[in-house]
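Encoded as structure tokens, the structure appears first; notes follow it.
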Amino acid sequence: MPKIGNSKSASEKVCVRCKSRRRVSKTWTEKIVNDNGFMTLLHTQYVCTNVECQSAFDKALLEDTKKREKLKQMKQENDARRLSTKVPKSA
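So this is what it looks like as structure tokens:
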């Protein structure tokens with residue numbers, strides 16, 4: 254069975270921001286149930302070896318996550334407000 258995903262080894266991966274090498278930070282497996290039983294996924298998290306670059310990336314990721322959560326909360330509030338003010342159709 255062919256390997257799906259990125260065929261580059263960890264030592265060949267470079268940071269897209271600063272072009273320094275990346276290293277494996279965390280590796281874990283996950284089992285997902287499907288129609289044929291289950292499927293095992295292997296996840297690998299890479300981090301930049303340049304500390305300043307990685308901290309800038311983490312900061313940007315945190316800000317982006319906060320922004321997404323705020324937008325999600327605003328959408329839920331708007332949906333709740335819209336549904337509560339909806340007038341039922343009269344027969």
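The opening residue of the sequence shown carries number 254 in our numbering; numbering runs sequentially from there. Even for Gly, the Cβ is constructed at its ideal location relative to N, Cα and C. Because the structure is a prediction, the values reported are computed rather than measured.
Cβ pair residue i, residue j closer than 9 Å
| i | j | result |
| --- | --- | --- |
| Tyr299 | Ser278 | yes |
| Ala309 | Arg270 | yes |
| Leu295 | Ile285 | no |
Distance between beta carbons of residue j and residue i, contact taken as under 8 Å
| i | j | result |
| --- | --- | --- |
| Thr297 | Thr280 | 5 Å |
| Arg275 | Val267 | 7 Å |
Coil, strand or helix - residue i by DSSP
| i | result |
| --- | --- |
| Ser308 | helix |
| Asn303 | coil |
| Ser337 | helix |
| Lys328 | helix |
| Lys323 | helix |
In DSSP terms, what residue i is bridged to
| i | result |
| --- | --- |
| Thr297 | Thr280 |
| Val286 | Phe291 |
| Arg274 | Val267 |
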